[in-house]
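Trainee: In this note's numbering, the protein residues as written are 5 to 623. All C-beta atoms in this analysis are idealised placements derived from N, C-alpha and C, irrespective of residue type, glycine included. Just so you know, these numbers come straight off a predicted model, no measurement behind them. This is the structure I want to talk about, given as structure tokens.
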């Protein structure tokens with residue numbers, strides 16, 4: 005009879021391997037030990053980091069004001085990010101994955117943090133080939149039984165595995181990804197520690213209102229366990245193969261299922277030009293704007309058509325394979341885009357362990373947001389926010405709509421380079437106008453957005469590097485035209501939103517209006533207007549009856565900006581009162597101390613400190 009180690013634990017579902025109903029999961033759930041030394045180290049670092057951030061950004065900010073803290077903030081942020089990078093590089097496992105995820109969130113984190121953590125992709129330490137060979141032999145047997153050649157030096161080291169080049173007996177070049185020894189224990193330990201940290205973060209009301217951190221961590225853990233089962237990644241490769249089988253502009257490497265197991269994955273070697281190697285791209289005659297456009301259109305198609313996407317598009321997972329100059333590679337999926345300005349190429353994806361899935365509701369909400377951006381419809385954008393679940397209950401929709409309209413007016417038609425180089429004063433004007441929104445921050449992070457936001461953040465940065473003049477608005481407009489059936493053959497510029505009276509009589513316009521998508525759109529809009537018209541008399545009658553009975557009431561409320569100003573005045577008065585009381589106690593303590601009453605003086609000084617601390621926390 006086997007005795008189970010009492011220090012081993014399966015933990016709650018957050019720390020367990022994928023359930024058996026996943027495509028490639030095992031039928032029995034393994035039990036992993038907890039590395040308690042690693043667990044305590046993670047918690048110590050997290051506690052110390054949160055304490056310092058809280059002291060500087062909450063306590064001292066309330067005590068001495070934002071202006072005094074701003075001068076040293078960049079240096080502090082960089083130091084904290086550097087400390088985390090050192091921890092992640094030393095510990096590996098989930099910590100590196102977490103750091104890579106954080107470094108992609110250019111929309112949420114300061115530039116200093118992003119810059120310090122960006123190098124994590126290239127700082128993953130390698131594992132001796134003898135240990136990797138041992139893992140391979142446990143799964144399949146000696147490598148010599150499968151490969152004519154096996155390169156002992158790894159070509160890439162990831163947080164969960166390591167990649168070696170090899171050759172099949174028939175001469176085919178392949179890459180073999182082998183899982184790091186003992187990585188399951190590290191992942192289980194790290195997720196268990198992060199679960200505790202998530203509970204700490206939920207104690208901050210500002211965070212708890214906007215994100216269900218334990219739910220986000222749950223989603224993160226599910227994907228982590230999927231990445232640890234290479235059979236799941238093999239299934240993803242086959243699904244991407246099916247998705248892109250008719251796309252001549254995207255290439256997915258071939259899977260060798262017979263040479264793949266839970267901890268070993270063998271794929272076709274498709275190493276080409278790294279997507280961020282701009283010098284080699286230009287030397288090969290490939291236009292960087294073509295690459296940016298294909299990357300965007302490919303992801304838009306995955307988001308809206310397939311609702312299944314590659315969630316880890318960092319530069320190490322994307323390559324550009326040059327084709328002969330006389331080749332033809334259509335741009336995007338099942339559609340002919342603008343002609344290439346340079347040499348034809350394949351966009352090559354690798355590493356399919358991290359994938360994202362969108363629910364139909366999220367996909368519809370995103371398409372609505374895209375249409376709103378394309379037509380600069382601020383009201384429709386707010387409705388899309390509601391559908392996506394990113395607005396907090398009770399959010400001031402009118403103010404959000406006005407703020408969206410103001411942002412549209414300032415950024416519409418700008419390239420990514422123009423937006424990144426906008427003068428600070430332009431956005432400060434918007435911030436001052438809508439400062440009540442900045443104070444209340446009426447947004448939250450839905451669980452389904454965890455990997456979607458990461459992918460979009462990486463794509464924005466990558467497209468900016470490929471082509472700083474890239475215009476995302478044009479690509480969105482083209483996608484909207486396609487989604488609504490507003491492009492007809494031979495008329496790539498046809499746009500239903502910009503029709504004039506004369507355009508309505510053109511045959512091609514009539515054909516577009518009679519398309520199935522346009523008919524459905526017109527029918528839905530017509531039915532909605534008809535329903536509202538039917539309800540209008542009853543609503544008007546109800547209002548008039550209430551007015552006749554004297555039941556109508558007018559509710560007056562101060563504007564959000566005035567409410568914010570009043571709250572700030574109230575806090576200022578509280579701080580002044582606390583400061584006066586504290587000063588009085590300190591003066592009394594000094595008098596008592598000089599009079600020889602050291603005990604009473606210490607008590608008075610202690611009370612002054614408590615009042616000061618209480619006032620800062622209450623603020």
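Using DSSP bridges, identify the partner residues of residue 119.
Mentor: Residue 119 pairs with nothing; no bridge assigned.
Trainee: Considering only C-alpha positions, which residue in the set 376, 172, 139 is nearest to residue 165?
Mentor: 139
Trainee: Could you check whether residue 279 and residue 300 sit closer than 8 Å to each other, using their CB atoms as the reference points?
Mentor: no
Trainee: Given a cut-off of 8 Å, decide if residue 82 and residue 61 are closer than it, judged by their beta-carbon atoms.
Mentor: no
Trainee: Which residue from 132, 146, 128 puts its Cα closest to that of residue 156?
Mentor: It is 132.
Trainee: Just confirm the distance between the C-beta atoms of residue 370 and residue 312, as a whole number of angstroms; I'd bet it's less than 8 Å.
Mentor: At roughly 14 Å, the Cβ-Cβ gap does not stay under 8 Å, so residue 370 and residue 312 are not in contact.
Trainee: Helix, strand or coil for residue 147? Go by DSSP, reduced to three states.
Mentor: helix
Trainee: Helix, strand or coil for residue 603, going by three-state DSSP, please let me know.
Mentor: helix
Trainee: Using the Cβ count rule (16 or more neighbours within 10 Å means buried), how would you classify residue 580?
Mentor: Within a 10 Å sphere around the beta-carbon of residue 580 sit fewer than 16 other beta-carbons, which makes this residue exposed.
Trainee: For the alpha helix (DSSP H) containing residue 455, name the first residue and the last one.
Mentor: 454-470
Trainee: Around the C-beta of residue 328, are 16 or more other C-beta atoms found within 10 angstroms, so that it is buried, or is it exposed?
Mentor: exposed
Trainee: Count the other C-beta atoms from every protein chain shown that fall within 10 angstroms of the C-beta of residue 230, then say buried if there are 16 or more, exposed otherwise.
Mentor: buried
Trainee: How do the region 191-198 and the region 221-229 stand: do at least 3 beta-carbon pairs fall below 8 Å, yes or no?
Mentor: yes
Trainee: Quick check: what's the CA-CA separation for residue 121 versus residue 53?
Mentor: Answer to the nearest angstrom: the Cα atoms are 16 Å apart.
Trainee: Only counting the same chain, and skipping five residues up and downstream in sequence, which positions put a Cβ closer than 6 Å to that of residue 154?
Mentor: Here residue 154 has 147, 170 as same chain residues with Cβ atoms under 6 Å from its own Cβ, once five neighbours each way along the sequence are excluded.
Trainee: Please classify residue 2 as buried or exposed, where buried requires at least 16 other C-beta atoms within 10 Å of its C-beta.
Mentor: This structure leaves residue 2 out entirely; the chain is present only between 5 and 623.
Trainee: Any idea if residue 68 is buried or exposed, counting beta-carbon neighbours within 10 angstroms, 16 or more meaning buried?
Mentor: Exposed, because fewer than 16 other Cβ atoms sit within 10 Å of the Cβ of residue 68.
Trainee: Count the C-beta pairs between the region 274-294 and the region 373-391 that are closer than 8 Å, then say yes if the count reaches three, no if not.
Mentor: no
Trainee: By how many angstroms is the C-alpha of residue 609 removed from the C-alpha of residue 4?
Mentor: This structure gives no information on residue 4, because the portion of the chain shown stretches from 5 to 623.
Trainee: Exposed or buried, residue 365, counting other C-beta atoms within 10 Å across all chains shown (16 or more means buried)?
Mentor: exposed
Trainee: According to DSSP, simplified to helix, strand and coil, what is residue 280?
Mentor: coil
Trainee: Excluding the 5 residues preceding and the 5 following residue 454 in the sequence, name in chain order all residues of the same chain whose CB lies nearer than 6 Å to its CB.
Mentor: 220, 223
Trainee: Roughly how far, in whole angstroms, is the beta-carbon of residue 241 from the beta-carbon of residue 151, given that I think they are within contact range, below 8 Å?
Mentor: Residue 241 to residue 151, Cβ: 19 Å. No contact.
Trainee: At the level of alpha carbons, what is the spacing between residue 179 and residue 136?
Mentor: Between residue 179 and residue 136, the C-alpha separation is close to 14 Å.
Trainee: When we look at the beta-carbon of residue 315 and count the other beta-carbons within 10 Å, is it buried (16 or more) or exposed?
Mentor: Counting every other CB atom within 10 Å of its CB across the protein chains shown gives residue 315 a total of 16 or more, marking it as buried.
Trainee: If you drop the 5 nearest sequence neighbours on each side, which residues of the same chain put their C-beta closer than 8 Å to that of residue 506?
Mentor: With a pLDDT of only 49 at residue 506, under 50, the local geometry of the prediction cannot be trusted, and the value read off the model is given with reservation. In its chain, beyond the 5 residues on either side, no residue has a beta carbon closer than 8 Å to the beta carbon of residue 506.
Trainee: Check this for me: beta carbons of residue 393 and residue 459, under 8 Å apart or not?
Mentor: Contact flag unset, no.
Trainee: Where does residue 142 sit, in a helix, a strand or coil, going by DSSP?
Mentor: helix
Trainee: Just grab the DSSP bridge partners of residue 271 for me.
Mentor: 179, 259
Trainee: Go through its chain and collect everything with a Cβ distance to residue 50's Cβ below 6 Å, but skip five positions before and after it.
Mentor: 201
Trainee: Once you ignore the five residues that flank residue 586 on each side, which residues in its own chain have a CB closer than 7 Å to its CB?
Mentor: 612, 615, 616
Trainee: Output needed for residue 39: all residues of its chain with C-beta closer than 8 Å, excluding positions within five of it in sequence on either side, in chain order.
Mentor: 189, 190, 193
Trainee: So what's residue 326 in DSSP terms, helix, strand or just coil?
Mentor: strand
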